[in-house]
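Residue numbers (the numbering used here), protein chains in the order written: chain A, 1 to 360; chain B, 1 to 178; chain C, 1 to 246.
We put the beta carbon where it would ideally sit given N, CA and C, even for glycine.
Quick caveat: nothing in here was measured; it's all calculated off a predicted structure.
Single-structure report; data block below.
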């Protein structure tokens, strides 16, 4: 961390980093625990010559985003829980036109209205969701305020590079905490940079017709292009942090707020002789399978630590681990895990008191 | 270096007190982390914020054992007192505490924060009285330079009054060890 | 002898059914744009239903869908490229039913776009289901086979009466059943584009338009139905004109 820091909430760091990445269009609808993003944009977007719109609903906000992205701007929206559900239709439309956009999903716990407190049970809607049709979103999961800024800044470049929707998957804890943060340099984005945008061209000049891309290039070419894109993103964009996995007996797998507690658990467990390690996915799609490739023989199993009822990340860990070792679930649902709880769980796993989890 | 919770009623300036502390602390230590109970608890209910100050990387942002508890009312004291480490510090708002037998394994300091702030004509500054008492009791930071930083915090916000610093100093003076 | 010139913006025939009004509306849009000299700076937003047929016919940058959200899509584009001519073309299902909220708030925000709504009293693209806002009482559709009943299906509603209260720049309704009304509709559409050119606010032009295929009428009878029935519920004319020239 450089000396040149600011103190910010995760939400504010996301919003400020977006502005510095050249985001000049934001539309959204308030919902806890991400409303500071919308509020920050309402105060600061116009200073940068951009557009802030408090939408009448999520669908309208996303449709405005769809238009603004098609017109060449760097665009962002944010939501949580039930609000994020409502964005799914337009994620599908953005995908069908290969349009870039950055979305923030700050997870709150529960189904229906649920809670306003942190959760990690929107993993599926983020990594598997995105509405109808076949698509992949790059999903970045910050675990600190500094990473909120860093990954948001990166998200705009990735969205543009792949002409794809990129999601920042945070949670009520990461969104609401204040930490030191080093902000990236401000840059401007040129809305005429790309040839695929809607610019309002003179008669006779080849026009862009943004419709289902399949109508224009046909299904075979579209399928090949998209599959190629999915594969490239999967191969190139896996990001993770490994903590003390070199000699670990059990490797915790956690992202976001849970990964923070896991770091403390690893440190404290080692003081009492329990060798824990941690794989912290920074991208949850693509899931960092590479992190699981070269683990030492000492590793006897994986423990997923998630704030959900059933394990949502378990499938991804199983695929990454290729059945090499059993998977255990330390699932804390509405509660933020505690380090002691994780250490006790791991002690019980190592002494055979806890059975491996069946991923359902 | 320190795991801290500030707690009280919504509206007592709990979250602001925490923000002042991290604002100053961040100038001297590598890492700080501030978390709060948010949303429905904003007014009238219980408000609390956790602060971790550390030169090590901060893992769990929610302290599991406390070095310092600053309790601005009695329910908050009872809610968190069990989490305070042996030898830790507890600062209570004497104005809002009933008859409580304080535990022996921790250092308890009391200051009549609400009464002092009201007496100074700055009822909203009870949180600053508490901060004064906390600096005196714990020696977490140099008490005088913390006072100066507190002043500049409110200057930056554009809503400072001389009685802010006065309330902080009264907290330092009037804090009593129990 | 009069010479009919095809607007240069029209580069392919419309793919609509025979007797459909959409083709006439597309032509009126193209003529209005060219007469105002705006043809080199247009971005068209079309809903994914029958309006989408214009996507390949007109030589403008185009974007389609999502269903009902076209006023929002146009809002996003106009905000990013305020110097361009941005219009939204959508049906009555899109604009007044599933997308009524989006239409409403584009109007309330007074976004300086030109919105053209095709009122054909039916869901055309999906095979002729009832339109909650525009199907007349008694009209038979595939989802109101015995005719629309007020008691169970509600009644048609004149949305321009609502929009006029939102303090928009211009709201008018035209029809296509004879040349007089086609000329009048064109004046309304052209006015909508003039307003945008002059940086005025939100303009909406609704057009009573036939759907012979789903009404199960021949094209002439479909025009007669508009004149004798639909226009009675949805009167043509200017609903509001903030800039004057009433």
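8 Å Cβ cutoff met for residue i and residue j
{"i": "residue 181 (chain A)", "j": "residue 8 (chain A)", "result": "yes"}
{"i": "residue 308 (chain A)", "j": "residue 121 (chain A)", "result": "yes"}
{"i": "residue 130 (chain A)", "j": "residue 88 (chain A)", "result": "yes"}
{"i": "residue 207 (chain C)", "j": "residue 185 (chain C)", "result": "yes"}
{"i": "residue 20 (chain B)", "j": "residue 63 (chain B)", "result": "no"}
{"i": "residue 117 (chain A)", "j": "residue 334 (chain A)", "result": "yes"}
{"i": "residue 65 (chain C)", "j": "residue 25 (chain A)", "result": "no"}
{"i": "residue 314 (chain A)", "j": "residue 143 (chain A)", "result": "no"}
{"i": "residue 59 (chain A)", "j": "residue 86 (chain A)", "result": "yes"}
{"i": "residue 243 (chain A)", "j": "residue 280 (chain A)", "result": "yes"}
{"i": "residue 250 (chain C)", "j": "residue 34 (chain C)", "result": "Outside the displayed range of chain C (1 to 246) lies residue 250 (chain C), so it cannot be described from this structure."}
{"i": "residue 154 (chain A)", "j": "residue 285 (chain A)", "result": "no"}
{"i": "residue 79 (chain A)", "j": "residue 57 (chain A)", "result": "no"}
{"i": "residue 131 (chain B)", "j": "residue 26 (chain B)", "result": "no"}
{"i": "residue 133 (chain C)", "j": "residue 157 (chain C)", "result": "yes"}
{"i": "residue 265 (chain A)", "j": "residue 343 (chain A)", "result": "yes"}
{"i": "residue 240 (chain A)", "j": "residue 186 (chain A)", "result": "no"}
{"i": "residue 299 (chain A)", "j": "residue 254 (chain A)", "result": "no"}
{"i": "residue 90 (chain C)", "j": "residue 139 (chain C)", "result": "no"}
{"i": "residue 295 (chain A)", "j": "residue 278 (chain A)", "result": "no"}
{"i": "residue 92 (chain B)", "j": "residue 66 (chain B)", "result": "no"}
{"i": "residue 38 (chain A)", "j": "residue 54 (chain A)", "result": "yes"}
{"i": "residue 103 (chain C)", "j": "residue 193 (chain C)", "result": "no"}
Contacts that residue i makes with chain B (C-beta to C-beta distance below 7 Å)
{"i": "residue 170 (chain A)", "result": "Those do not exist, as residue 170 (chain A) stays about 13 Å from chain B at its closest Cβ, beyond 7 Å."}
{"i": "residue 7 (chain A)", "result": "22, 23, 26"}
{"i": "residue 267 (chain A)", "result": "59"}
Cβ-Cβ separation, residue j to residue i (assumed contact under 8 Å), whole Å
{"i": "residue 71 (chain A)", "j": "residue 198 (chain A)", "result": "5 Å"}
{"i": "residue 202 (chain C)", "j": "residue 111 (chain C)", "result": "5 Å"}
{"i": "residue 361 (chain A)", "j": "residue 209 (chain A)", "result": "This structure cannot speak to residue 361 (chain A), because chain A is shown only from 1 to 360."}
{"i": "residue 248 (chain C)", "j": "residue 62 (chain C)", "result": "Given that chain C is displayed from residue 1 to residue 246, the structure contains no residue 248 (chain C) and the question cannot be resolved."}
{"i": "residue 149 (chain C)", "j": "residue 136 (chain C)", "result": "Not quite, the Cβ-Cβ distance comes to about 12 Å (not below 8 Å), so this is no contact."}
{"i": "residue 159 (chain C)", "j": "residue 96 (chain C)", "result": "5 Å"}
{"i": "residue 236 (chain C)", "j": "residue 181 (chain C)", "result": "7 Å"}
{"i": "residue 18 (chain A)", "j": "residue 76 (chain A)", "result": "5 Å"}
{"i": "residue 7 (chain B)", "j": "residue 80 (chain B)", "result": "6 Å"}
{"i": "residue 326 (chain A)", "j": "residue 301 (chain A)", "result": "5 Å"}
Nearest residue (CA-CA) to residue i, options the options
{"i": "residue 212 (chain A)", "options": "A:92, A:19, A:62, A:107", "result": "A:92"}
{"i": "residue 90 (chain B)", "options": "B:146, B:75, B:106", "result": "B:106"}
{"i": "residue 28 (chain C)", "options": "C:198, C:223, C:9, C:144", "result": "C:9"}
{"i": "residue 175 (chain B)", "options": "B:99, B:114, B:18", "result": "B:114"}
{"i": "residue 196 (chain A)", "options": "A:271, A:358, A:245, A:100", "result": "A:100"}
{"i": "residue 42 (chain C)", "options": "A:207, A:179, A:148", "result": "A:207"}
{"i": "residue 70 (chain B)", "options": "B:150, B:163, B:12, B:166", "result": "B:12"}
{"i": "residue 150 (chain A)", "options": "A:296, A:297, A:20", "result": "A:20"}
{"i": "residue 112 (chain B)", "options": "B:102, B:37, B:126", "result": "B:126"}
{"i": "residue 23 (chain A)", "options": "A:250, A:246, A:191, A:360", "result": "A:191"}
{"i": "residue 230 (chain A)", "options": "A:52, A:175, A:165, A:252", "result": "A:165"}
Chain A residues whose Cβ lies nearer than 9 Å to that of residue i
{"i": "residue 36 (chain B)", "result": "176, 177, 178"}
{"i": "residue 242 (chain C)", "result": "Chain A residues near residue 242 (chain C): none, gap ~22 Å exceeds 9 Å."}
Cross-chain neighbours of residue i in chain A, by beta carbon under 7 Å
{"i": "residue 60 (chain B)", "result": "260, 261, 264, 339"}
{"i": "residue 64 (chain B)", "result": "338, 339, 340"}
{"i": "residue 189 (chain C)", "result": "Within 7 Å Cβ-Cβ: nothing; residue 189 (chain C) doesn't reach chain A, min ~18 Å."}
{"i": "residue 105 (chain C)", "result": "56, 60"}
Where residue i meets chain C, residues with beta-carbon distance less than 8 Å
{"i": "residue 207 (chain A)", "result": "59, 60, 61, 62"}
{"i": "residue 191 (chain A)", "result": "80, 81"}
{"i": "residue 68 (chain A)", "result": "76, 77, 79, 80"}
Proximal residues of chain A, C-beta to C-beta of residue i below 8 Å
{"i": "residue 33 (chain B)", "result": "177, 178, 179"}
{"i": "residue 102 (chain C)", "result": "56, 59, 60, 63"}
{"i": "residue 134 (chain C)", "result": "Here the premise fails: no neighbours, minimum Cβ distance about 22 Å."}
{"i": "residue 148 (chain C)", "result": "The contacting residues do not exist; residue 148 (chain C) stays about 27 Å from chain A at best."}
Per-residue contacts from residue i into chain B (C-beta, under 9 Å)
{"i": "residue 173 (chain A)", "result": "35, 61, 62"}
Chain-ordered neighbours of residue i on chain C, where CB pairs are closer than 7 Å
{"i": "residue 202 (chain A)", "result": "40"}
{"i": "residue 89 (chain A)", "result": "66"}
{"i": "residue 117 (chain A)", "result": "Chain C residues near residue 117 (chain A): none, gap ~30 Å exceeds 7 Å."}
* To do: Report the residue ranges of all beta strand (DSSP E) runs contained in full by the segment 20-106 of chain C; include only those spanning at least 3 residues, in chain order.
  => DSSP runs (the beta strand (DSSP E)) wholly in the segment 20-106 of chain C: 42-46, 61-64, 85-91.
* **Contact residues within the segment 21-41 of chain A, judged by C-beta distance below 8 Å to chain D** => The question asks about chain D, but that chain is absent: this structure's protein chains are A, B and C.
* Taking only runs of the beta strand (DSSP E) that begin and end inside the segment 220-273 of chain A, which ones reach a length of at least 3 residues, in chain order? -> For the segment 220-273 of chain A, whole beta strand (DSSP E) runs of length 3 or above, ordered along the chain, are 240-243, 250-253.
* To do: Entirely within the segment 170-217 of chain C and at least 4 residues each: give me those alpha helix (DSSP H) ranges in chain order.
  => Along the length of the segment 170-217 of chain C, whole alpha helix (DSSP H) runs at least 4 residues long occupy 179-197, 212-215, reported in chain order.
* Whole alpha helix (DSSP H) elements within the segment 79-116 of chain A, 4-residue minimum -> Whole alpha helix (DSSP H) segments, 4+ residues: 81-85, 88-96.
* Asked: Enumerated in chain order, which unbroken segments of the beta strand (DSSP E) with a length of 3 residues or greater are wholly contained in the segment 9-70 of chain B?
  -> Fully enclosed beta strand (DSSP E) runs of 3 or longer: 31-36, 46-54.
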